[in-house]
Amino acid sequence: MDDFWSGVGVDLHLEPDAADGRRAGLERALRDAVRDGRLAPGTRLPATRRLAAELGISRGTVKAAYDQLVAEGYLTARQGSGTRVASLPSVGSEEPQERVRARAPRFDLRPGSPDVGAFPAAAWLRALRRAIATAPSLAYDYGDPRGRIELRTALSGYLGRARGVLAPPDRIVVISGYVQGLALLTRVLDGAAVAMEDPGLPFHREVVRRNGGTVRPVAVDAQGVRPVELGDAAAVVVTPAHQYPTGVTLHPERRRALTDWARARDGLIVEDDYDGEFRYDRQPVGALQGMAPGQVVYLGTASKTLGPALRLGWMVLPPHLVDAVADAKLHSDHHTETIGQLALADLIDSHAYDRHVRACRLRYRRRRDQLLDRLGPHRSVRGIAAGLHALIEVPEEAEALARAEAEGLALGALGDHWHTPGPGRPQGLVVGYGTPRERAYPEALEVLAKVLDAPS
Ligand SMILES: Cc1ncc(COP(=O)(O)O)c(C=O)c1O
């Protein structure tokens, strides 16, 4: 079968039903494959001789089946280009269900994504090449659920120098992005009450719930999360470097109060350091983990620095949680994909990662400055010292969003982030400036300014 399907370039299981007779069975199997989309339009079928040999039937039977399906319109046969699957729109009744895709907005300033046009493709390709050239064959086998030692060692050095994290390699677990780390940890905490910032990302609350955790809101004010409200929660998930979505940096006194809470209650702080590398007014604020490595689970991700598509992230765990989280990872997906891990290790070791992060910091700072320039000094914009998003205060969020939508501009809404939405909450627009691509960004800002300046 391998040989047969290597000829058509696709891997498809085809089992003619012997009860139908050879020719009719083959016809039915091919017809079904075309109808249900396993054989896509344009796919070239194997030569009759080869298919006959594969299936152990005569060449004449295969030819007769092909001819029949050509006559029915399922296949086309042309001299020189062989027999191919036809591209008739109305073949069969079970067309593959296309997902109804929401129309992409003309201008996208929603938060969440970096400028993926800045992905360092050439450096990543070099790192991948080196990783593949030097990886031992065992790298292609199942590996340590904590991840490759090469990457854990590289991260240990990087996180120590760039983020102030105390991260011995044996306390790191490589994960497929922050969201997986949050899910694994929630499972390990086994139904415990997890306090989460209010406002915060609803998707992450849902991840905690779906993994058996009980979500409790904890308020955020101008100094960040309020530890006095933590009560008897077992853990609290925080975004200290740049609170999502308000953009507040956790005040030094709050950092102390939070670690005091954790020590006094044996509570766990889950530090989501999703955009900690991007600080514009001074050196990046060091991670909270450095103040209390025994109480903090540090989570980092390549989603903002490189791209969400890589699905690469890392956890630095207090010693008592390493085995349990590694075990949860093992039972989730064995471990994160290995070659990407080796490439990231190479990128970090060669310092190409640092160079890329520095270049991105400049690029995002420029974008942030363009945003502020365009909006002017009278507009209240918060959370601008870091990250890839800012919060613009507006009196009527819904009206501004409706005006934006009419202009083809997509924005985030503060209202979507409260644990319990309701009247009387502060109103705001969450604007991501990682997107759109460089060329479209100035025009997107023009539209944003127009939307904000319009009389309500
Ligand atoms: C608050 C916050 N945390 C973490 C992440 C990163 O998630 P992941 O690593 O799963 O892509 C994001 C991405 O948008 C985010 O907004």
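Residues are numbered in our numbering as their position in the sequence shown, beginning at 1, plus a constant of 41. C-beta: ideal position from N, C-alpha, C; glycine also. Small disclaimer: the values here were computed from a predicted structure and weren't measured.
C-alpha gap between residue i and residue j, whole angstroms
{"i": "Cys401", "j": "Ala195", "result": "20 Å"}
{"i": "Lys104", "j": "Leu110", "result": "10 Å"}
{"i": "Leu347", "j": "Val157", "result": "8 Å"}
{"i": "Arg420", "j": "Ile433", "result": "8 Å"}
{"i": "Asp316", "j": "Leu96", "result": "56 Å"}
{"i": "Met237", "j": "Thr287", "result": "14 Å"}
{"i": "Pro82", "j": "Tyr285", "result": "45 Å"}
{"i": "Leu340", "j": "Arg63", "result": "59 Å"}
{"i": "Leu55", "j": "Arg91", "result": "14 Å"}
{"i": "Asp77", "j": "Val229", "result": "41 Å"}
{"i": "Pro137", "j": "Gly218", "result": "With a pLDDT of 49 at Pro137, under the threshold of 50, the modelled position of that residue is not reliable, and no figure is offered here."}
{"i": "Ala94", "j": "Asp231", "result": "56 Å"}
{"i": "Thr255", "j": "Val235", "result": "6 Å"}
{"i": "Phe244", "j": "His292", "result": "25 Å"}
{"i": "Asp73", "j": "Thr117", "result": "16 Å"}
{"i": "Val269", "j": "Arg246", "result": "21 Å"}
{"i": "Leu150", "j": "Ala163", "result": "27 Å"}
{"i": "Arg418", "j": "Ala343", "result": "According to the sequence provided, residue 418 is Pro. The question's Arg does not apply to it. Cα to Cα, the separation comes out at about 33 Å."}
{"i": "Ala60", "j": "Asp364", "result": "55 Å"}
{"i": "Pro360", "j": "Ser197", "result": "15 Å"}
{"i": "Ala180", "j": "Arg296", "result": "41 Å"}
Contact under 7 Å by Cβ, residue i with residue j
{"i": "Leu358", "j": "Arg212", "result": "yes"}
{"i": "Glu438", "j": "Gln468", "result": "yes"}
{"i": "Gly75", "j": "Tyr115", "result": "For the record, residue 75 in the displayed sequence is Val; it is not Gly. Yes, Cβ-Cβ distance for Val75 and Tyr115 is below 7 Å."}
{"i": "Glu312", "j": "Val277", "result": "no"}
{"i": "Val259", "j": "Ala224", "result": "no"}
{"i": "Ala176", "j": "Leu383", "result": "yes"}
{"i": "Thr300", "j": "Met332", "result": "yes"}
{"i": "Tyr394", "j": "Leu388", "result": "yes"}
{"i": "Ala282", "j": "Asp314", "result": "yes"}
{"i": "Tyr321", "j": "Arg406", "result": "yes"}
{"i": "Phe148", "j": "Val488", "result": "yes"}
{"i": "Leu192", "j": "Leu385", "result": "yes"}
{"i": "Leu371", "j": "Pro186", "result": "yes"}
{"i": "Arg85", "j": "Arg119", "result": "no"}
Cβ shell of residue i (< 7 Å), same chain only, five flanking positions each side left out
{"i": "Pro155", "result": "Lys345, Gly348, Leu429 and Gly475"}
{"i": "Trp459", "result": "Asp239, Pro240 and Arg466"}
{"i": "Val492", "result": "Ala441, Arg444, Ala445, Glu448 and Leu450"}
{"i": "Arg100", "result": "Thr89, Arg90 and Ala93"}
{"i": "Ile173", "result": "Ile380"}
Option in the options with minimal Cα separation from residue i
{"i": "Pro436", "options": "Ala427, Gly424, Gly456 and Gly449", "result": "Gly456"}
{"i": "Leu329", "options": "Lys370, Leu493, Gly354 and Val279", "result": "Val279"}
{"i": "Glu113", "options": "Ala127, Ser122, Gly232 and Pro496", "result": "Ala127"}
{"i": "Ala145", "options": "Val488, Pro477 and Pro281", "result": "Pro477"}
{"i": "Trp165", "options": "Arg406, Arg407, Pro418 and His397", "result": "His397"}
{"i": "Gly201", "options": "Pro334, Asp149 and Phe160", "result": "Pro334"}
{"i": "Tyr183", "options": "Leu351, Pro464 and Asp374", "result": "Asp374"}
{"i": "Val366", "options": "Arg79, Leu226 and Arg171", "result": "Leu226"}
{"i": "Ser122", "options": "Arg151, Pro87 and Thr102", "result": "Pro87"}
{"i": "Ala168", "options": "His392, Asp494, Pro293 and Ala485", "result": "His392"}
{"i": "Arg257", "options": "Thr461, Gly417, Arg85 and Pro483", "result": "Thr461"}
{"i": "Glu294", "options": "Arg267, Phe160, Thr124 and Ser197", "result": "Arg267"}
Closer than 7 Å to chain C by CB, residue i
{"i": "Glu440", "result": "Any reference to chain C falls outside this structure, which holds one protein chain only."}
CB-CB length for residue i against residue j, believed under 8 Å
{"i": "Arg415", "j": "Ala490", "result": "5 Å"}
{"i": "Trp355", "j": "Val215", "result": "6 Å"}
{"i": "Gly253", "j": "His376", "result": "Wrong, their Cβ atoms sit about 22 Å apart, outside the cutoff."}
{"i": "Val289", "j": "Gly424", "result": "7 Å"}
{"i": "Phe319", "j": "Ala427", "result": "6 Å"}
{"i": "Ile190", "j": "Pro210", "result": "6 Å"}
6 Å CB neighbourhood of residue i in its chain, flanking five on each side removed
{"i": "Pro57", "result": "Gly66, Leu67 and Ala70"}
{"i": "Ala233", "result": "Ala275"}
{"i": "Ala203", "result": "none"}
{"i": "Pro161", "result": "His397"}
Cut-off 8 Å between Cβ atoms - residues of its own chain near residue i, not counting five sequence neighbours on either side
{"i": "Leu442", "result": "Leu452, Ala454 and Leu470"}
{"i": "Gly308", "result": "Leu271, Ala274, Ala275, Ala276, Val277, Trp302 and Gln336"}
{"i": "Leu242", "result": "Tyr285, Pro286 and His458"}
{"i": "Arg409", "result": "Tyr321, Ile425, Ala431 and Tyr474"}
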